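Colleague: Residue numbers (this note's numbering): 9 to 177. This is the structure I have questions about; it appears just below.
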Amino acid sequence: MVQRFSPTSSSTSTHPSAASLPLPESDHGSKAVPQWDNCRDEWLSDEPELESDFHRDQIDLLLRLMRWYWRERNDVYFSGNTTVYYDPDQRTNRNFRGPDIYVVFGAEKRSRNSWMVWKEGDKYPDVVFELLSYSTAKTDRTTKKELYQNEWKLSNYFWFHQETKEFRG
Numbered sequence: 009m010v011q012r013f014s015p016t017s018s019s020t021s022t023h024p025s026a027a028s029l030p031l032p033e034s035d036h037g038s039k040a041v042p043q044w045d046n047c048r049d050e051w052l053s054d055e056p057e058l059e060s061d062f063h064r065d066q067i068d069l070l071l072r073l074m075r076w077y078w079r080e081r082n083d084v085y086f087s088g089n090t091t092v093y094y095d096p097d098q099r100t101n102r103n104f105r106g107p108d109i110y111v112v113f114g115a116e117k118r119s120r121n122s123w124m125v126w127k128e129g130d131k132y133p134d135v136v137f138e139l140l141s142y143s144t145a146k147t148d149r150t151t152k153k154e155l156y157q158n159e160w161k162l163s164n165y166f167w168f169h170q171e172t173k174e175f176r177g
């Protein structure tokens with residue numbers, strides 16, 4: 009369930025009552041920020057807890073390496089196990105994904121709770137890494153691959169399976 013900051017109260021709510029408002033088209037053809045999304049806060053990540061110690065350790069290691077490698081750049085954002093919201097409508101409650109790690113070039117380096125495509129200039133991640141497990145491998149190889157390739161237009165998608173040592177990109 010997506011939890012959002014409600015501008016009319018100090019608590020979170022699942023969906024605003026004005027969620028049925030039509031979304032205006034922006035100049036570049038994508039959905040603009042809906043009228044009901046007038047809060048300045050970012051939505052909280054909707055990602056579940058990590059699968060294993062391996063997942064947590066590998067995400068931490070890769071993020072530390074990226075932080076060191078891009079330490080002098082302010083135009084690269086990367087995160088792990090946080091949600092990428094790519095549909096401001098969110099009525100279906102499924103138009104979001106949480107890659108294990110993602111990188112966005114040309115984005116301000118700052119702390120975020122999630123990545124909200126429409127609030128980031130309609131910019132999707134440029135690179136995604138998924139750490140496969142037996143419980144996630146099928147989804148990572150099919151559903152997520154198709155979404156990243158066809159909707160996000162992502163050309164840099166990599167996965168690694170700890171047990172089988174499969175690495176693909």
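Just so it is clear, CB atoms sit at the ideal spot from N, CA and C, and this is done for glycine as well. Predicted, not measured: the structure shown is a model, and the values here were computed from it.
Buried or exposed, going by whether 16 or more other CB atoms sit within 10 Å of the CB of residue 43?
Modeller: Bear in mind that a pLDDT of 49 at residue 43, under 50, signals an unreliable position, so the number given afterwards is only what the model happens to contain. Label assigned to residue 43: exposed.
Colleague: Let me confirm a value: residue 129 is counted as buried when at least 16 other C-beta atoms fall within 10 Å, else exposed. Which label applies?
Modeller: exposed
Colleague: Taking residue 159 as the reference, which of 112, 105, 142 and 172 has the closest Cα?
Modeller: 105
Colleague: For a quick check, are the C-beta atoms of residue 86 and residue 107 less than 8 Å apart?
Modeller: no
Colleague: Could you say which of 166, 88, 148 and 155 lies nearest to residue 120 if we only look at CA atoms?
Modeller: Residue 120 has its Cα closest to that of 88, out of 166, 88, 148 and 155.
Colleague: Use the C-beta contact count for residue 122: other C-beta atoms within 10 angstroms, 16 or more gives buried, fewer gives exposed.
Modeller: buried
Colleague: Along the alpha helix (DSSP H) that carries residue 73, what are the first and last residues, could you check?
Modeller: 61-77
Colleague: With respect to the alpha helix (DSSP H) encompassing residue 154, which residues constitute its N-terminal and C-terminal limits?
Modeller: 151-154
Colleague: Thinking C-alpha only, which one of 72, 174, 140 and 112 is nearest residue 131?
Modeller: 112
Colleague: Which residues in the same chain as residue 36 place their Cβ atom closer than 7 Å to its Cβ, once the five residues preceding and following it in sequence are excluded?
Modeller: A caution first: residue 36 carries a pLDDT of 42, below 50, which makes its placement in the model unreliable, though a value can still be read off. Within the same chain, residue 36 has close Cβ partners 130.
Colleague: Given this structure, state the Cα-to-Cα distance separating residue 152 from residue 76, to the nearest angstrom.
Modeller: 28 Å
Colleague: Tell me the start and end of each unbroken alpha helix (DSSP H) in the segment 97-167 that is at least 4 residues and wholly inside, in chain order.
Modeller: 145-149 and 151-154
Colleague: Put residue 178 into one of helix, strand or coil per three-state DSSP.
Modeller: The requested residue 178 does not occur in the structure, where the chain is confined to residues 9 to 177.
Colleague: Between the beta-carbon of residue 84 and the beta-carbon of residue 117, is there less than 8 Å?
Modeller: yes
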